[in-house]
Amino acid sequence: MIVRNIEKFFLNTLLRISILGVSFILLSSIVFRPEKMLPTVVSLVILLACIAAYKLRDKYPTQAVLLLTSITLTVVAYQRLIAPHASVTLAVVMIVGFVISVMLKGRTMWVMHGIAFILLNTVFVYHVSEKVTACITFSILYFVITFATAVLKGSYDGIHYHLRNTNLELQRRADEIAAQNKELHATQSELSSLNQNLEQIVTERTARIKSQNEMLIRYGHINAHHLRGPVARLLGLAAVYKMGSDMQADELVDKMIEQANEIDAVVRRINADLDSNNMGWESEN
Numbered sequence: 000m001i002v003r004n005i006e007k008f009f010l011n012t013l014l015r016i017s018i019l020g021v022s023f024i025l026l027s028s029i030v031f032r033p034e035k036m037l038p039t040v041v042s043l044v045i046l047l048a049c050i051a052a053y054k055l056r057d058k059y060p061t062q063a064v065l066l067l068t069s070i071t072l073t074v075v076a077y078q079r080l081i082a083p084h085a086s087v088t089l090a091v092v093m094i095v096g097f098v099i100s101v102m103l104k105g106r107t108m109w110v111m112h113g114i115a116f117i118l119l120n121t122v123f124v125y126h127v128s129e130k131v132t133a134c135i136t137f138s139i140l141y142f143v144i145t146f147a148t149a150v151l152k153g154s155y156d157g158i159h160y161h162l163r164n165t166n167l168e169l170q171r172r173a174d175e176i177a178a179q180n181k182e183l184h185a186t187q188s189e190l191s192s193l194n195q196n197l198e199q200i201v202t203e204r205t206a207r208i209k210s211q212n213e214m215l216i217r218y219g220h221i222n223a224h225h226l227r228g229p230v231a232r233l234l235g236l237a238a239v240y241k242m243g244s245d246m247q248a249d250e251l252v253d254k255m256i257e258q259a260n261e262i263d264a265v266v267r268r269i270n271a272d273l274d275s276n277n278m279g280w281e282s283e284n
């Protein structure tokens, strides 16, 4: 948010109006009172001061104000000494006091007020017949104008300072919120990436478990096939024994031990495969 600079706006407006007004006064003096050179010279000097201040207003606003007010006070004081004119002096007092109060600050403002006050009252001393009334009148007027303007300008500066600090605070909080949003966005991106990785990991592990389950099923079928032969032969030997075969008991026991050893070998191989987490097997011939 850009807060409008009242000093710059006021100075631009004042100088433009002053240039137009003084130009009109100068033209009127030349056309209607060509025999009186003093008002023409005074208007011309003030016009040149306004133009010079207008050229300096952007880069050097304080110098522009000092130049304009100093030259204006000087030429008007000179005119007051040579050819007194109360209305002109009154207008200058109002304009100069208002300009100094608005455009200048601090020590420079008070110095220029003092110079203007002393200069105006010194001029009145040369007119003894009216010096008391003029000094009191113009002094009170100058004080009222400058004090009222200074109070208004001080109020504006306070509001401007408060608004500027408020805008800075809002900007700081906006920057903090933007930084937090950026962090949240980064965190969200990380969580999204993590979720994608988790989905991939879950998919891979699910596929692996499914493959292992299928492998275990096939492995169980193969081991059942390997065990079925020795068990069937043991059952056959037991049936032969019960039928009272002519086979010798020792020979029958040897056969049964042989089949038991074969079963034991199959069981050992199963245990070894489980211990090594290797579910592979060789295809039967």
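No gaps in the numbering here: position 162 of the sequence shown is 161 in numbering that gives the first Met the number 0, and each next residue is one more. Backbone N, C-alpha and C define an ideal beta-carbon position, used for all residues, glycine too. Please read all numbers here as calculations on a predicted model, not as lab measurements.
What would DSSP say about residue i, mapped onto helix, strand or coil?
i      : result
Pro38  : helix
Asp57  : coil
Met242 : coil
Arg106 : helix
Arg32  : coil
For residue i, which residues from the same chain have a beta carbon less than 7 Å from its beta carbon, with the 5 sequence-adjacent residues on both sides left out?
i      : result
Met255 : Leu233 and Leu236
Val74  : Val41, Val44 and Ile45
Asn222 : Val265 and Ile269
Glu213 : none
Residues in its own chain within less than 8 Å of residue i by CB, not counting five upstream and five downstream?
i      : result
Ile29  : Thr39
Thr12  : none
Val21  : Ser42, Ile45, Leu46 and Cys49
Gln179 : none
Asn194 : none
Ala259 : Pro229 and Leu233
Cβ atoms of residue j and residue i: under 9 Å apart, would you say?
i      : j      : result
Tyr53  : Ile18  : yes
Leu65  : Ala51  : no
Ile70  : Ala48  : yes
Pro229 : Ile208 : no
Gln78  : Leu37  : yes
Leu72  : Gln62  : no
Should residue i be listed as close to the ligand GDP, given that the test is whether its C-beta is under 8 Å from any heavy atom?
i      : result
Ile176 : Of the ligands one can find in the structure shown there are none, so the ligand GDP has no counterpart to examine.
Sorted by chain position, which residues of the same chain lie with C-beta nearer than 6 Å to residue i's C-beta, five sequence neighbours on each side aside?
i      : result
Ser210 : none
* Asked: Can you list the alpha helix (DSSP H) stretches of 4 or more residues lying completely in the stretch 186-267, in chain order?
  -> none
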